[in-house]
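Using our numbering, read the sequence shown as starting at 2 and increasing by one per residue.
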Amino acid sequence: MNKQLLFLLPCIMFVMNIYAQNVGIGTTSPNSSAMLDVQSTNKGMLVPRIALTAANAATPVTTPADALLVYNTATAGTGINTIVPGFYYWNASANRWNAMKEESTNSSVGFGSWGDCSNNNISEYNPVVDDTGEYGDYFGYSVSISGSYAIAGAYFDNVGANARQGSVSIFQHNGNSWGTMQKITDPAGADNDWFGHSVSISGNYAIVGTPRGDVGGNLEQGSANIYFYNGTSWVFIQKITDPTGVANNWFGYSVSISGNYAIAGTYRDNLGSGPDQGSACIYEYNGTSWVFKQKIIDATGQPGDDFGYSVSIAGNYAIVGAFLDDVGGNANQGSASIYQNNGSSWVLMNKITEAVGGVDDRFGSSVSISGNYAIIGSPYDDVNAVIDKGSAHIYYYNGTAWILVQKITDAAAVDLDYFGSNVAISGDFAMVGWGTDDIGANQNQGSAIIYQRIGLGWQKVQYIIDPAGSAGDVFGSATAIDGSTKRFLNGASRYASNSGKVVFGKVN
2 MNKQLLFLLP CIMFVMNIYA QNVGIGTTSP NSSAMLDVQS TNKGMLVPRI
52 ALTAANAATP VTTPADALLV YNTATAGTGI NTIVPGFYYW NASANRWNAM
102 KEESTNSSVG FGSWGDCSNN NISEYNPVVD DTGEYGDYFG YSVSISGSYA
152 IAGAYFDNVG ANARQGSVSI FQHNGNSWGT MQKITDPAGA DNDWFGHSVS
202 ISGNYAIVGT PRGDVGGNLE QGSANIYFYN GTSWVFIQKI TDPTGVANNW
252 FGYSVSISGN YAIAGTYRDN LGSGPDQGSA CIYEYNGTSW VFKQKIIDAT
302 GQPGDDFGYS VSIAGNYAIV GAFLDDVGGN ANQGSASIYQ NNGSSWVLMN
352 KITEAVGGVD DRFGSSVSIS GNYAIIGSPY DDVNAVIDKG SAHIYYYNGT
402 AWILVQKITD AAAVDLDYFG SNVAISGDFA MVGWGTDDIG ANQNQGSAII
452 YQRIGLGWQK VQYIIDPAGS AGDVFGSATA IDGSTKRFLN GASRYASNSG
502 KVVFGKVN
């Protein structure tokens, strides 16, 4: 036995040498800065391979240390706690496993062309991810674009130990591509605030909705933060709330900003005797601060209308959707109301419903307004006996009233596509997205269509899919377009196990 030990001892020392507190494997001179230095030219290193059960469950590890590294072999968990095979480390402060994600230059993944689309009407395919994001963030759930700036929300982003506090990222176009300027979180945020559930950007101002944020002692009253770009960074300038708000209102579920005006929807606002009739609040920048101007409601509204579920503001016009408004005998047919600033207050111009609407069309689920045009989504509209095929409606203000100029649908849409789930309009361009579009065998990969105004009519410019997309991405579940620059972006918030991404492009 002693002879065997004497024989093995130099072999062991050749492979592993200990100097002070440094351990070397495959080297006689381990790096002095490393506790363990493993060197090889033809072999790798294996870390423990473990089948984790969920992102928020330590098992099968017992009391993992902070930063403990494992390779997960399982696909498990649900929702934001879904995990897939890959490297994970234990985040003790958040009490969960965090995935180690591949970094990418300038936040861009797969920068290239739109496939066959690039040979036609759009170009500058530019997908972007949050380099610090994690699985379950839903980055790209909300998006907005204005000139060379854009914003995307990740309302399920965990911030420190706060689960689903949320974050937003602001991007700038440098003349060639889009890159991240700044990632913003609310320093006063808390668990389940949903900061970034709604976003909007206009010039040097951006607004971010936090519908489940607590205000004083009112749980989930909701709020919205306004930021200003000072030439160096985006700085917080003000938090706005409904001065008459109460608990569980979810103020800021929808937001929009344009010039010196901002609007925030509160679809769960209880008015009168019933719940969820809804409201919206308008604010004006007076040169110093954003001041509350007016709370608007549907004077003919009823409990459960969800007025304020969607909002948009541009210049002196604002539009508010009430997608569960009962119209005649049609439950949840939906409506949208357009208001005008007369210099002293915002007054109702038109309450719009679809003349041939039906039960549960949910007209008003999405709205957008620009100049004398507005677009309204009706994603549950049955079109030519196709159940929940969906549609979108474009209206024009003729100087007297807002009139329907065109109802648009996707001829290739099928049952349960929900075309019109997301809409955007700016200048002579409009975009309709629906993340539930199946592309080939890829269920819910998602798509969008861009339209251009020719006279009073709107013509299809391009049907868009993500050439790098996959099943479940829900590309097009958030849409935005800037008519002046012809640039657009679409959110794909369920890309890569719900980590999410946004995809920029440009109309040629």
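Backbone N, C-alpha and C fix where the C-beta goes; we use that ideal spot for every residue, glycine too.
Judged by beta-carbon spacing, T437 lies beyond the 8 Å limit of G421, meaning their Cβ atoms are not closer than that value. I146 and F489 do touch by the CB rule: their CB atoms are close to 7 Å apart, below 8 Å. In the DSSP assignment, Y496 falls within the unbroken alpha helix (DSSP H) covering 496 to 499.
Counting of Cβ neighbours within 10 angstroms places V433 among the buried residues, the total reaching 16 or more. When only Cα atoms are considered, M46 and A52 end up about 19 Å apart. In terms of Cβ geometry, A337 and V321 form a close pair [threshold 8 Å]. DSSP, read as helix, strand or coil, puts G266 in strand. Counting of Cβ neighbours within 10 angstroms places A66 among the exposed residues, the total staying below 16. Minimum Cα-Cα distance from A248 among the listed residues V169, W91, G223 corresponds to G223.
Per the coordinates, the alpha-carbon of Y228 lies some 25 Å from the alpha-carbon of G428. In terms of CA proximity to N159, F196 leads the group G302, N175, F196, P128.
If you draw a 10 Å sphere on the C-beta of L457, you find fewer than 16 other C-beta atoms in it, and that means exposed.
Secondary structure note for D38: its beta strand (DSSP E) is the uninterrupted segment 37 to 39.
Classified as buried, G501 has 16 or more neighbouring CB atoms from the shown chains inside 10 Å of its CB. If you look at F229, you'll find it in the beta strand (DSSP E) that goes 224 to 230. Scanning its chain for C-beta atoms nearer than 8 Å, with the 5 sequence neighbours on each side dropped, one finds around L69 the residues V62, Y90, W91, in chain order. Note on K487: 16 or more other CB atoms within 10 angstroms of its CB, so buried under the neighbour-count rule.
Comparing alpha-carbon positions, the option among A472, N99, A375, G148 lying closest to G484 turns out to be G148. When DSSP reads this structure, R454 sits in a beta bridge with W459. Note that the segment 299 to 316 touches the segment 254 to 262; at least 3 beta-carbon pairs, one per stretch, sit closer than 8 Å. By the Cβ neighbour-count rule, D192 is exposed, with fewer than 16 other Cβ atoms within 10 Å of its own. Bounds of the beta strand (DSSP E) holding N423 are 423 to 427. In the three-state scheme derived from DSSP, where H, G and I count as helix and E and B as strand, G365 is classed as coil. By the criterion of at least three beta-carbon pairs nearer than 8 Å, the segment 210 to 223 is in contact with the segment 239 to 248.
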